[in-house]
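In my numbering, the protein residues as written are 20 to 229.
The beta carbon of each residue, even a glycine, is placed where N, CA and C say it ideally should be.
None of these values were measured; they are calculated from a predicted model.
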């Protein structure tokens with residue numbers, strides 16, 4: 020996990036130092052990327068990411084299809100014995116993450132898309148998923164959590180409940196998107212999503228458009 024969280028620090032450091040980016044930095048994370056950000060907040064409370072706000076889009080916690088206790092135990096055993104074993108996970112070739120049919124078709128023919136995850140990665144996500152569902156998270160920066168109401172991967176009702184019970188901070192916003200799916204930034208009406216995110220950022224940092 021440390022290497023995983025180090026990657027996030029390195030990415031931000033590259034943006035700041037190599038790209039000479041001095042403006043407020045806003046992290047936009049989607050799906051399992053949200054888990055990375057949330058895990059950092061929980062696991063590295065003595066440090067703080069050099070970002071000034073976060074937008075978490077359809078975080079991959081509170082899954083519709085939850086692993087059984089046996090499956091979780093099995094993943095831990097396999098992860099310990101053969102961490103590099105690729106486990107077949109159904110979904111990427113059958114789920115429609117967006118209502119844009121062209122993107123769905125491109126996704127299913129992309130040679131880089133696959134349904135195999137390393138056993139060690141599967142075990143890590145299962146562990147973090149349980150931790151995030153049961154632990155209060157205090158955000159040190161403004162955060163907007165947004166979710167598609169028609170998402171069939173992570174039901175919006177479970178995410179709303181999680182936000183109400185576990186997410187804390189001085190500036191927490193939840194935005195539901197009726198008619199949108201799991202990848203709201205890839206749906207046909209994605210311009211509305213982009214514009215809303217931009218307005219949210221501008222309001223937080225009092226940015227005026229020219």
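Asked: Exposure of residue 33, with buried meaning 16 or more beta-carbon neighbours within 10 Å; Found: exposed
Asked: Outcome for residue 101 when other beta-carbon atoms lying within 10 angstroms are tallied against a minimum of 16; Found: exposed
Asked: Residue 202 versus 216, 141, 22, 49, residue with shortest Cα-Cα distance; Found: 49
Asked: is_contact[residue 33, chain D] using C-beta, thresh 8 Å; Found: The displayed structure is made up of one protein chain only, and chain D is not part of it.
Asked: Rounded C-alpha distance that separates residue 172 from residue 150; Found: 19 Å
Asked: Proximity to residue 199 [Cα-Cα], best of 209, 190, 134; Found: 209
Asked: Short Cβ contact (8 Å threshold) for residue 79 with residue 51; Found: yes
Asked: Span of the beta strand (DSSP E) around residue 166; Found: 162-167
Asked: Of the listed residues 194, 139, 71, 156, nearest to residue 212 (C-alpha basis); Found: 194
Asked: Three-way DSSP call (helix, strand, coil) for residue 157 in this model; Found: strand
Asked: Counted within 10 angstroms of its Cβ, other Cβ atoms place residue 166 as buried (16 or more) or exposed; Found: buried
Asked: Residue 191 versus residue 216 - alpha carbon distance; Found: 14 Å
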